[in-house]
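Numbering (this note's numbering), first residue to last: -8 to 544.
Backbone N, C-alpha and C fix where the C-beta goes; we use that ideal spot for every residue, glycine too.
Note that the coordinates shown come from a computational prediction; the quantities given were computed from them, not determined experimentally.
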Amino acid sequence: VIVQIAPGKIRGVKQVLPNGKNYFRFSGIPYAEPPVGDLRFKPPVPVQKFDRDVLDCQKEGSNCYSYMYYPPENEEFASEDCLFLNVYTPKLLKDQDVATLPVMLWIHGGGFNLGSGDAAVYGPEFLLQEEVVVVTCNYRLGTFGFLYLPSVGIYGNMGLKDQRLVLKWVNENISRFGGDPSNVTLFGESAGGASVHLNYLADSSRQYFHKAICMSGVSYNPWVLQSNPEAKARKLAELMGAKSTSDNDTLMEANAKDLLLHSPDVLSENEKRTNKYFAFTPVVESECSEESFLMENFISSMMKPNMTKIPMMTGVTSNEGLLVAAQLSRDIELYGADSKMIVPQELPLDENRLKEAADEVRRFFFGDNGITVDRLSTLVDIMSDNMFVMAAYVASELHARYQNEAPLYFYLDSFEGKLNKYRTLFSVPEHLEGVCHADELLYLFSSTWMGTDVEPGSREDKFRSTMCKLWTNFAKYGNPTPPTNGGIDFVWEPVKPAYDSQFVLSAANLNDELTMIENPFLERVQFWREIFARYYGNYLMNESVGGKTYNGQ
C-alpha cells in the first residue's frame, strides 16, 4: 500500500482486525530530522523531503533512549535518532473520498523518561474497529527531551516540542490516510496525560487538536515540573567531566549512553526521599527560549477565563498508588521510623512545621497506630492522593471555575479484571485491592507483549468494548455518551461549571455497570485541602503550584 504525504511516498501494509475487517498500518514514519549532532537538545526540525522515492514504513523506528524498555528487547534498537510516528487507519483516502474519520493521537506515558508508541504495548485494533484513525509516536525522553540550561542554549521541553510537531504533522498529512484534520483528539496516560494537558495549555499546540483526554495525569501532578533544572544540568555536565566553562561542549559531545546512565545521579537527597525517580521532566522556559512551548506557570494559564472551548475528559483509577506499593512494602520500616516521609513534597516546610504536618497526616490516616506493614493499603492511599488524585481534583476545579465553555467529563476507573496486568508488571502485592495506575490501558489497546486475548462475551470483553466506545464517542462527538449514535445506555454527565459556587466533581464510575457518582475520595481530598490551606496558603489559587515558583525553583 503506498500513500503520498508531504515529504514523499511511503509504503505500508494491509492487516486484518479482530472483527475481520481490513486496516492499513504505516510504521516508523520519520517526522523530524534525527535530533543528533548539532540538533541534540534543539527543537525538532521537520522532515522536508524523504531521500528515496518510496520510504518503506512497514516496521517501527527505534525507541528513544531510556532506563528501561517495554518490551525489554527494544533496548537493542534504541537510539537518539528516534523521532518516528505510526499511523493506523481502517480506510485509506481514495481520490474521490472525503477524509472524514476522527483521528486519535496517543501520547504514551512513562514519567517523561520511559516508553514508546510501539504496537507491542499500544496496539490500536480495538479503537480502529470503532472507525477512527489512530496515530502513536515517540518523543525524546529524559536528558534528551528535558535537559534545561538556557545559558548554553539548551532551552528545555524538547520532548514536548516533538509532540507539538507530531500534532502539526497530523494536521498537514492525516487526510491522506482518511483522517479528518479538523477532528483530532489528543489522548495520553500518566506522563502522556500530563503532556496532553500541557499541550492543552500551550497556545502553539492547541490550534492543532479539538478534544483532549488526560488519563491519570495532568500538568499539576507533583512529578511533572522539574525542580532546580539548571543545577541538575550543571551537575550532569560535571559528571560528564566539564570544567565550568564548557558545559555546552561537554553535553553536546557526551556519549548518549553516559548521559542516560548518569541522569539519576543528579537527584537531590530530598527528591530521592520523596520518590522522585526521574531527574529530567518539563520546565517553565526562560524568556530567551527558542520555539518556546511553555512560558508561564500552569496555574496562571488555567486561570485565563475561557481560554479554550476544547472538550476535556480526565480521570483516575481507583487505586493509583499501587504503582509504588512494592517499594512501599519494602520501605515500610523507614516510613514507620520517619513519618515526615508521608508529607507531600510540595509543602516547603522547615523541620518543625514538617514534623507538625507529619503528625497530622499520621493521625488522620493511621489514628494512634504506627505505620506498620498491616497498614500498607493506607500508605498506598496517601501515595495515590499525593501523586495523582489531588492534581486531578485541582485541574478539574480550575477547569470548572475558569473554562466554562469547555465541557469536562471526569471518570473513576473501578474495573478489576483479567486485563489489569500492569499491577503484575509493577509487582503489586496480591492482597491489595483496587485498580492500579495504568490498569485501564489494556482495555483500550491490544498488547502482544502483555497478552490481551480474553474470552468472547466475558466481563473483560464487555468492559473493553464499553471503554473503546466511550473513548471513541468522545473523539467523534466531544461527548462520551451522545444522545444519538452513542450505542451506550447511560448518560455521562459533565462536571458543572462552578463560577463562585461550591465545586462538585461529578464522575462516571466505570465498572461492569456505569454509574454517576459525586466527589470520589472526598474525605481524603478535604483533609489534604485543609493541610495545604493551613501550611501553605490557599492550595488552589496560590501563584505557584506545589511550592515551585515561576522559574521552576
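Please name the residue in M374, A185, T369, K248 whose C-alpha comes closest to that of M303. The closest CA to that of M303, considering only M374, A185, T369, K248, is found on A185.
On the three-state DSSP scale, how would you describe Q544? Caution applies to Q544, whose pLDDT of 28 falls short of 50 and renders its modelled position unreliable; the value that the coordinates give is listed next. Q544 falls in the coil class under three-state DSSP.
Could you please give the first and the last residue of the uninterrupted alpha helix (DSSP H) stretch that includes I373? Unbroken alpha helix (DSSP H) run through I373: 367 to 375.
Rounded to the nearest angstrom, what separates Y22 and F75 at their Cα positions? Y22 and F75: Cα-Cα distance of roughly 6 Å.
On the premise that P220 lies in contact with A317, defined as a C-beta separation below 8 Å, what is that separation, rounded to the nearest angstrom? Contact flag wrong, Cβ pair sits at about 29 Å.
Could you tell me the alpha carbon to alpha carbon distance between D238 and L138, rounded to whole angstroms? The alpha-carbon atoms of D238 and L138 are separated by roughly 12 Å.
How is G(-1) classed by DSSP in three states: helix, strand or coil? Assigned with DSSP and collapsed to three states, G(-1) falls in strand.
Restricting to runs no shorter than 4 residues, where is the alpha helix (DSSP H) found entirely within the stretch 18 to 102? For the stretch 18 to 102, not a single whole alpha helix (DSSP H) run of length 4 or above is found.
May I have the straight-line CA-CA distance separating Y393 from P296, to the nearest angstrom? The alpha-carbon separation between Y393 and P296 amounts to approximately 5 Å.
Do you know whose CA, among A182, R450, F17, lies nearest L83's CA? It is F17.
Cβ neighbours of R515 in the same chain (closer than 7 Å, five flanking residues each side left out): Result list for R515: D372, D376, in chain order.
Identify the residues that DSSP records as bridge partners of M206: which are they? In DSSP, M206 forms a bridge with E180, G306.
Beta bridge counterpart(s) of K300 as assigned by DSSP: Under DSSP, no beta-bridge partner is assigned to K300.
Considering Cα atoms alone, identify which of M507, G312, V352, N310 is closest to G327. Per the Cα distances, V352.
By alpha-carbon positions, which one of W214, D240, R366 ends up nearest to Q336? The residue with the shortest Cα to Cα distance from Q336 is W214.
Measure the alpha-carbon distance for N261 versus E509 and round it to whole angstroms. Distance from the CA atom of N261 to the CA atom of E509, rounded to whole angstroms, is 36 Å.
Between which residues of its own chain and F284 is the CB-CB distance below 6 Å, once the five residues before and five after are set aside? The answer, listed in chain order, is N148, L151, K152, A193.
Does the distance from the CB of N500 to the CB of L403 come in under 8 Å? Yes, they are a contact pair.
Any contact of the stretch 307 to 314 with the stretch 124 to 141, i.e. 3+ C-beta pairs under 8 Å? No, because fewer than three Cβ pairs between the stretch 307 to 314 and the stretch 124 to 141 fall closer than 8 Å, the two stretches do not touch.
Report all residues from its chain with a CB closer than 6 Å to the CB of K223; omit the five preceding and five following residues, and keep chain order. Apart from sequence neighbours up to five positions away, the residues of its chain that approach K223 with a beta-carbon distance below 6 Å are V257, A270, ordered along the chain.
Is the beta carbon of C459 closer than 8 Å to that of E71? Going by C-beta atoms, E71 is not nearer than 8 Å to C459.
Spell out a yes or no on whether the stretch 153 to 163 and the stretch 120 to 134 are touching, meaning 3 or more CB-CB pairs, one atom from each, closer than 8 Å. By the Cβ criterion, the stretch 153 to 163 is in contact with the stretch 120 to 134, since at least three pairs of Cβ atoms, one from each stretch, lie closer than 8 Å.
Going by beta-carbon coordinates alone, are I98 and Y191 separated by less than 8 Å? Result no, Cβ atoms of I98 and Y191 do not sit closer than 8 Å.
How close, in whole Å, do the beta carbons of T272 and C205 come, if the pair is a contact with beta carbons under 8 Å? About 16 Å separates the beta carbon of T272 from that of C205, a gap too long to meet the 8 Å contact definition.
Are the Cβ atoms of L319 and L242 separated by less than 8 Å? Not in contact: L319 and L242 (Cβ atoms no closer than 8 Å).
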